[in-house]
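Presented below is the structure to which this report refers.
There are 2 protein chains.
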Amino acid sequence: MSNFKSSGKRTIASETPNQIGKEVLLKGWVKTRRDHGKLVFFDLRDRTGLIQLVVNPKISEASYKLALEIKPEFVVEITGEVKKRPEGTINKELLTGEVEIEVKEIKIIVRAHSLPFDMGGEELNLELPTLLDNRSLTLRHPKVSAIFRIQETLAVSFRNTLRSEGFTEIFVPTLVPSATEGGAEVFPVDYYNHKAYLAQSPQMYKQIMTSIFERVFTIAHAYRAEPSVTTRHLSEYVSLDAEVGFIDSWQDLMGWAEKVVLNMFEDLKKKNESDLKLFSVSVPEIKKKIPRIKMKEAQELIFKRTKIDHRKEPDLDPSDEKEICKWAMEEYGAPFVFITHYPIKKRPFYTMPDSADPDSTLSFDLLGINEEWVTGSQRINDYDSLMKNILKWKNKPENFEIYLQTFKYGMPPEGGFAMGLERITKDILGLSNIREASLFPRDMERIDERFTSID
Amino acid sequence: MSNFKSSGKRTIASETPNQIGKEVLLKGWVKTRRDHGKLVFFDLRDRTGLIQLVVNPKISEASYKLALEIKPEFVVEITGEVKKRPEGTINKELLTGEVEIEVKEIKIIVRAHSLPFDMGGEELNLELPTLLDNRSLTLRHPKVSAIFRIQETLAVSFRNTLRSEGFTEIFVPTLVPSATEGGAEVFPVDYYNHKAYLAQSPQMYKQIMTSIFERVFTIAHAYRAEPSVTTRHLSEYVSLDAEVGFIDSWQDLMGWAEKVVLNMFEDLKKKNESDLKLFSVSVPEIKKKIPRIKMKEAQELIFKRTKIDHRKEPDLDPSDEKEICKWAMEEYGAPFVFITHYPIKKRPFYTMPDSADPDSTLSFDLLGINEEWVTGSQRINDYDSLMKNILKWKNKPENFEIYLQTFKYGMPPEGGFAMGLERITKDILGLSNIREASLFPRDMERIDERFTSID
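Here the protein sequences come in this chain order: A and B. Numbering-wise, the first sequence is residues 12 to 466 according to the working numbering. Numbering-wise, the second sequence is residues 12 to 466 according to the working numbering.
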């Protein structure tokens, strides 16, 4: 096996419709086998999708005998002729649905153990723990892998939008000297006899980098040691982060966030049509501008609509977010709305207060499909004000020396925003749990394997 | 400051050569001030580069008075007219060197503290500790920020090369259940009363994902708790990782690695000419193919050339790598060479042994400019052999369940490679220490600030 040599030039599944009448060499995994009388049908999976194989003992007796041994997930090489499928057997749902391969030779490259459950159906229909306990296998199901092709499009779209606007991509560390976003939800790391932490966000570093490149973005891992299990939080997630210097107004930032999100929708439509079809969802249509309302106005609206009075609450709770998205759907045709002016005590120390109402901030969340998609704000860019806030929030200035340098030596008006890649993926596809939108989700109960009490 | 409103549409420095005779609004940081008799000259820095400002009291007395207050790194808004520079004062080194701005109005947006050292020269000339202690400031120097524009090009080039060849970008976790690459050099994390570790590489996950997408890549953070300080290692670094399923031969992988690296060189030439000029370096030229030789052949060559006998050593040491790059330079015109067939005991447990010589492996390093640039290999893709090796290497199979699933259910012949982004950046630019090629380098002595004994 180790010095394995393949037997010729490979054709990939997506190329077969253009090879009718030709002999091709295909390689991939067997997805399903169906025996029909004296014929054996396989669906073969490769990186470009599925292609149907037909094994007919009249064409090759040896192949037919081997075919009867083959089970799902065997890795095989197939030589055969590309044929147009007979009328009535064309599968329009499949990219290669107009053709099939008449098999002349089969080679089994690697055998697979028997699967613990059926992987051949259009739906996988597994409970979440089973889905995750068998993650390396379940990811092979076309409806599961589609999630991550969509996720790739979202990340690439984020980068492309910003790069075309003069943003520079940066790579910043995740090992940090202290908790930056407040709260106790940080993971401590034993770092050469010192204490370090996993970054809750790339916030400090992207801000520093605006004083170098003005406009920066990064796709960073962020870590939250939240001691609870919800359907919308992960302990390690992918954060799409942008930061902009020399803003004319903090409202510019909502414009950037909106542009990023709308371009994501456009790119999904262009690149992932067939993936989206598997979930029977279409990309959200933002026909009008996304509305922008203050948090207090949102609370008034919710009170008017539901008679539930949250007007004295310092923040929106999940039911409020759902209700205000419903309002946006009714009034603007899409469940997207910017909520602005969150109160100071609900935002991190670096958030710019609103000079017209010093208890509130020049901050915003973009709510999308019932929950927070994007969070952003203008930042304090004056050294003295920032230092005051660090002390007020009971942080130690000596933990922020590198950060404070930026403001000591001249930082223009600036701000930025961040969004969690897995959450957006989940919401667009209507997944019920964010874990489905993470290749290998981390939470308090699991790192790949579920923890047992003796760990 | 908080509700700051800018006074008009901004022009960026790079646009000025096309705006001769027009009034423009510029924003940026003051890099230098030079007083010449009755004129004050500034270099203004924005995200696109530098532009010269001239303040003449005959044009604006108020601006002149304000100009005398302005020091380096002040953030300013400038209104003025774009003028062609007088013959003889044109600066060909500068993108905007044919024009200057005759200042009509200056606004100081943010003042800066006095700098701890001069930032105005072409070179920064600081010792490494000073460079890093003042990282947020020193990154603003054009010769320092250029390093990270080049680094961005390298990362983008890596992605573009692979995406155009059907690779899918994946996002995999950095919190892992156990050490995967062997050795004790892992950082432990307190994870909800369990022990977790920071990934030494995305190896397991990228391998798993080849069974989904065949061809995958990721730009991942990798962590090495190496208890030593060298000029070429970081405790957290950016790893460019690729993995390919259905390889015809393990040598294909060297082909992919070579393609990635050559495209990086091409992209640097296209995008970073002026950045490279600052370092007086040109991009390496690979005129012939990069040679491929076995480790034992390399040792023989070194012995022949130097009379130093390392032929019984299990690996190349830094002096060997330097010597063999020198050989490649002399014989092939560039200091790049693939070394293949490293011995089993020097490679991780998942490396495919060479069936023709079971003590050696189907592995390679690409040495570039005197050190390892890329490391790669074919992987064991047979479940039983892999299980045997996990036990032989004294790992616990229960820590590799998710990984082993992939091989249980059919994994084709596959392999991959990885390269450290900071190291390539350092070597291309001829930097003396890898810390200069990391925005915020982590090592055993520092996370942003140097550790003190009381941490």
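Here a beta-carbon is modelled for each residue, glycine too, at the ideal position from N, C-alpha and C.
Cutoff 8 angstroms: D201/B Cβ touching any chain A Cβ: yes
Min CB distance V121/A to chain B below 8 angstroms: yes
Local conformation of V197/A per DSSP, three classes: coil
Beta carbon of I181/A nearer than 8 angstroms to that of F159/B: yes
Residue ranges of each alpha helix (DSSP H) within the region 201-270 of chain B, 4 or longer: 214-224
Closest Cα partner of K407/B within the set W40/B, F178/B, P188/B and G132/B: P188/B
The region 209-222 of chain B: positions lying closer than 8 angstroms to chain A by Cβ: L209, Y216, I219, M220 and S222
Pair within 8 angstroms by beta-carbon distance, Q218/B and V197/B: no
Neighbour flag for H244/B against chain A, beta carbons, 8 angstroms: no
From E460/B, E247/B and L79/B, residue whose alpha carbon lies closest to that of N410/A: E460/B
Local conformation of S71/A per DSSP, three classes: coil
Chain B contacts from the region 57-90 of chain A (Cβ-Cβ distance under 7 angstroms): D57, R58, E84, F85 and V86
Chain B within 8 angstroms of R446/A, Cβ atoms only: no
Test: Y353/A CB closer than 8 angstroms to a CB of chain B: Judged by the 8 angstroms Cβ criterion, Y353/A is not in contact with chain B.
Backbone CA spacing between V385/A and L50/A [nearest angstrom]: In a straight line, the C-alpha of V385/A is about 54 angstroms away from that of L50/A.
Min CB distance N274/A to chain B below 8 angstroms: no
Selection from M363/B, L402/B, K282/B and D368/B that minimises the alpha carbon distance to D393/B: Put simply, of M363/B, L402/B, K282/B and D368/B the residue whose alpha carbon is nearest the alpha carbon of D393/B is M363/B.
Candidates L106/B, M215/B, K399/B and L77/B, of which the one nearest E254/B by Cα: M215/B
Alpha-carbon spacing of F347/B relative to V249/B, whole angstroms: Taking the straight line joining both Cα atoms gives about 22 angstroms.
Reduced DSSP category for M340/A - H, G, I as helix; E, B as strand; rest coil: helix
Inter-residue spacing [alpha-carbon to alpha-carbon] between E308/A and H244/B: For E308/A and H244/B, the distance between alpha carbons rounds to 53 angstroms.
CA-to-CA distance, I355/A to K323/A, given in whole angstroms: 14 angstroms
Buried versus exposed, by CB contacts within 10 Å (16 or more), K288/A: exposed
Length-filtered (4 minimum) alpha helix (DSSP H) runs lying within the region 38-92 of chain B: 72-78
9 angstroms Cβ cut-off: residues of chain A touching R146/B: I219, I413 and Q416
Terminal residues of the alpha helix (DSSP H) in which T172/B lies: P153 to R174
Reduced DSSP category for K407/A - H, G, I as helix; E, B as strand; rest coil: Here K407/A carries a coil assignment [DSSP, helix/strand/coil].
According to DSSP, residues forming a beta bridge with D376/B: Listed as beta-bridge partners of D376/B by DSSP are I350/B and T386/B.
Exposed unless 16 or more other CB atoms sit within 10 angstroms - verdict on F128/A: exposed
Chain-ordered neighbours of W40/A on chain B, where CB pairs are closer than 9 angstroms: S222, Y420, G421 and P423
R96/B beta carbon less than 8 angstroms from that of E109/B: yes
Counted within 10 angstroms of its Cβ, other Cβ atoms place N29/A as buried (16 or more) or exposed: Exposed, because fewer than 16 other Cβ atoms sit within 10 Å of the Cβ of N29/A.
Contact set between G177/B and chain A, taken where Cβ atoms lie within less than 7 angstroms: By Cβ distance, chain A contributes R58.
Chain B contact for F349/A (CB, 8 angstroms cutoff): no
Segment limits, alpha helix (DSSP H) that includes F428/B: Here F428/B belongs to no alpha helix (DSSP H); instead the beta strand (DSSP E) covers E425 to G431.
Bridge partners - L186/B, DSSP secondary structure assignment: L209/B
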